[in-house]
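Asks: Structure in structure tokens, see below.
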């Protein structure tokens, strides 16, 4: 069955990972939740084990609901006796957007009427409304005049773990605290024997959640109420088995040594935190103490650990100068006592983070209720201490002759490219591409068409003939010049090194942040990732190629092979393709492609996705009747995976690839074939059955003119009979 698991904004990737650990498949992330497939056991496990989820919803039906009558009839079409007894209780959550029914209370009443009327007609009895802990909680969501009706298996928000007795002002929700800890890598730190300290712990949420993680305690184990407990379809034996399993896991980890400390200057907060620790059954595990921030010290010799905190945003302290002093004190204590540890600050006042005096290694956007916050992650090492760096250092570096020459070139390029980009309505483009061989960088700017800008700097690995010291000096000069000339904050600058791939892989995994930003490419929007992979998810040199595919696509059945993040599919769908099939071996990239399609409101049943080895998939399709009018084939230079029948080499295998693809092409169909192997040579003899047009130059954007071999691009069509017959001794297409 399908389930939808809601979660706070900015957390969906963490929730999706938890669901997969619970056994879910086909996870699809949205801004406020994750759609997944799984059994009832998966849904129960999500309720019991997800640390970041808010609710677990099981859809019962979807139907048109543009009017109150359609809503009533749709609700009435569901057999409610499968879920609720005639004398039971229910509650209804109603919401949505882009719908004719705008009054949520009216929608909830109409839903209740349809359910109650059905019971009255069938049994002569009717269930009653009960807002607190009903037998069944029903969720109705409207979107574009369609209603989705779901059973809320969680019953109450899962952030309520049942250990919070009382809180203090603006408490941190438990699932948000868990998300903070997961972003910081706390489970790994705990596994390595690290400690945790929260110097401003409030009611203790962060250290308590950290303890539950470290001791393998299911976050839902203390709860006595879930939305399925009195549901007619409840599998009591299954639930009791899962509860016993959770108890066994808790017992097995009970002797694990872990030290967690929470301090706060507010005596009321400390009392609340101690009470919450008791209710969470963590006495002796989490130590809570009243202590001013100025008294913060390291209590153990543990070489690794995490200092994590959610400082006041102004409600408990309020004054800007006092908050500034608070952050300065925090930074001073980190540098003095916690060198070698990790640190993290969740702040609703990001500019104050500079007062910490340590450069943030990563930033994440999260929401504490309605407050947009930044989670700033630090490595407490001297190399990251901004207070120990002399401010003139970067300026001095920029005064070096080489740095000035590089700055002049970058400034000239920037002026030229900005003027061109403005005229061409281009938001993401290359600014510099190793124009000066001594400064071998590619500099790409990404934008969302508004004020947000990010820059990716790719450093080409220096040849072995260059002294490492000289290479480092030029790198330092470039990194001092780039943000200064581009007017860019350091956290908007991402640096990668490109080396020749020797292991047959194209897309190197670099990190696991899974943090995406939305950028604009003419009429379309795309999700890009600047941290996890060597490439961002949007090949800028293919900008004109994608546009060309979109121009060819109107009314066509479109096939995208080696689809990567599906950007060509977006252009084809936006260009009016009748249907599309997007094929890639990576589930990650297919989910990314689905996200890109949804970002542009182009998703629909006519656009399908296939996870497969493309060559093997093409062979499987030969005996099937389905055909495509337009294909975009952009394979990697090399690819090797355990899921592949054999490794792929574009120079060696392109004839077989294109011949197999042509067997699925309609008689007057078109293949757009592209690749980024700089020494690629098309085997025209092996492809004599095609009429071939080289469009490499036509599809080369202005910002890549310095490197005309950045990609090869060809348009292939079936050759006429006359042309084919002249190719004596050559194999014609089937």
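Numbering (my numbering), first residue to last: 63 to 796.
Don't be surprised by glycine CBs; every beta carbon is placed ideally from N, CA and C.
Check whether the Cβ atoms of residue 213 and residue 301 lie closer than 8 Å to each other.
Replies: no
Asks: What are the start and end residues of the beta strand (DSSP E) that includes residue 501?
Replies: Premise fails: residue 501 is in no beta strand (DSSP E) and is neither H nor E.
Asks: Tell me the residue span of the beta strand (DSSP E) that contains residue 438.
Replies: 433-441
Asks: Residue range of the alpha helix (DSSP H) that residue 180 falls in?
Replies: Membership of residue 180 in the alpha helix (DSSP H) is indicated by the continuous run 166-185.
Asks: Considering only heavy atoms of the ligand NAP, does any lie closer than 7 Å to the CB of residue 116?
Replies: Inclusion of the ligand NAP in the displayed structure is not the case, the ligand content being empty and no account of it being possible.
Asks: Given that a residue counts as buried once 16 or more other Cβ atoms are within 10 Å of its Cβ, and exposed if not, what is residue 63?
Replies: Exposed, by the Cβ-count rule.
Asks: So the candidates are 470, 203 and 413; which of them puts its Cα closest to the Cα of residue 124?
Replies: Closest by C-alpha distance to residue 124, out of 470, 203 and 413, is 203.
Asks: Taking its Cβ as the centre, do 16 or more other Cβ atoms sit within 10 Å of residue 457, making it buried, or is it exposed?
Replies: Classification of residue 457: exposed, given that the 10 Å Cβ count is below 16.
Asks: According to DSSP, is residue 83 part of a helix, a strand, or is it coil?
Replies: helix
Asks: State buried or exposed for residue 719, treating a residue as buried only when at least 16 other CB atoms are found within 10 Å of its CB.
Replies: buried
Asks: Can you look up residue 104 in the DSSP assignment and give me helix, strand or coil?
Replies: helix
Asks: Is it a yes or a no for the stretch 211-227 touching the stretch 280-300, going by three-plus beta-carbon pairs under 8 Å?
Replies: A contact between stretches requires three or more CB pairs, one per stretch, nearer than 8 Å, and the stretch 211-227 meets this requirement with the stretch 280-300.
Asks: Rounded to the nearest angstrom, what separates residue 264 and residue 494 at their Cα positions?
Replies: The alpha-carbon atoms of residue 264 and residue 494 are separated by roughly 49 Å.
Asks: With a cut-off of 8 Å, do at least 3 Cβ pairs link the stretch 182-202 to the stretch 141-159?
Replies: yes
Asks: Go ahead and pull the three-state DSSP assignment for residue 693.
Replies: strand
Asks: Residue 423 lies in the beta strand (DSSP E); which residues open and close that run?
Replies: Here the beta strand (DSSP E) through residue 423 covers 422-430.
Asks: DSSP three-state label for residue 150, please.
Replies: coil
Asks: State the DSSP-derived secondary structure class of residue 360, mapped to helix, strand or coil.
Replies: coil
Asks: Can you check whether the CB of residue 776 is closer than 8 Å to the CB of residue 745?
Replies: no
Asks: Specify the secondary structure class of residue 342 as computed by DSSP and reduced to three states.
Replies: coil
Asks: Assuming residue 322 and residue 347 are in contact, meaning their beta carbons sit under 8 Å apart, how far apart are those beta carbons, in whole angstroms?
Replies: 7 Å
Asks: Thinking just about the alpha-carbon of each residue, which of 484, 764 and 734 is nearest to the one in residue 621?
Replies: 734
Asks: Can residue 158 and residue 201 be called in contact, C-beta distance under 8 Å?
Replies: No, these two residues do not count as a Cβ contact at 8 Å.
Asks: Would you mind sorting residue 624 into buried or exposed? The rule is 16 or more other CB atoms within 10 Å of its CB.
Replies: With 16 or more neighbouring CB atoms inside 10 Å of its own CB, residue 624 falls in the buried class.
Asks: Taking the alpha-carbon positions, what's the residue 490 to residue 314 distance?
Replies: 52 Å
Asks: If contacts are defined as beta-carbon pairs under 8 Å, then residue 517 and residue 528 qualify, I think. What distance do you get, rounded to the angstrom?
Replies: At roughly 24 Å, the Cβ-Cβ gap does not stay under 8 Å, so residue 517 and residue 528 are not in contact.
Asks: Output the distance between the C-alpha atoms of residue 220 and residue 585, rounded to the nearest integer angstrom.
Replies: Residue 220 and residue 585 have their C-alpha atoms some 39 Å from each other.
Asks: So, with DSSP's three-state summary, where would you put residue 109?
Replies: helix
Asks: Can you name the start and end residues of the alpha helix (DSSP H) that residue 240 belongs to?
Replies: First-last of the alpha helix (DSSP H) with residue 240: 236-245.
Asks: Short of 8 Å in beta carbon distance, which residues of its chain neighbour residue 419, apart from the five on each side in sequence? Order them along the chain.
Replies: 390, 393, 394, 397, 447, 448 and 449
Asks: Below 8 Å, can you find three or more Cβ-Cβ pairs linking the stretch 609-619 to the stretch 721-741?
Replies: yes
Asks: Express the C-alpha separation of residue 578 and residue 662 in angstroms, rounding to a whole number.
Replies: 16 Å
Asks: What number of angstroms, rounded off, separates the C-alpha of residue 67 from the C-alpha of residue 97?
Replies: 6 Å
Asks: Within the same chain, show all residues whose beta-carbon is closer than 6 Å to that of residue 524, passing over the 5 residues directly before and after it, in chain order.
Replies: Closer than 6 Å at Cβ, skipping near neighbours: 533.
Asks: Taking 8 Å as the CB-CB limit, is residue 145 close to chain C?
Replies: In the displayed structure, chain C is absent; only one protein chain is listed.
Asks: Would you mind giving the Cβ-Cβ distance between residue 543 and residue 469, rounded to the nearest angstrom? I have them listed as a contact below 8 Å.
Replies: 5 Å
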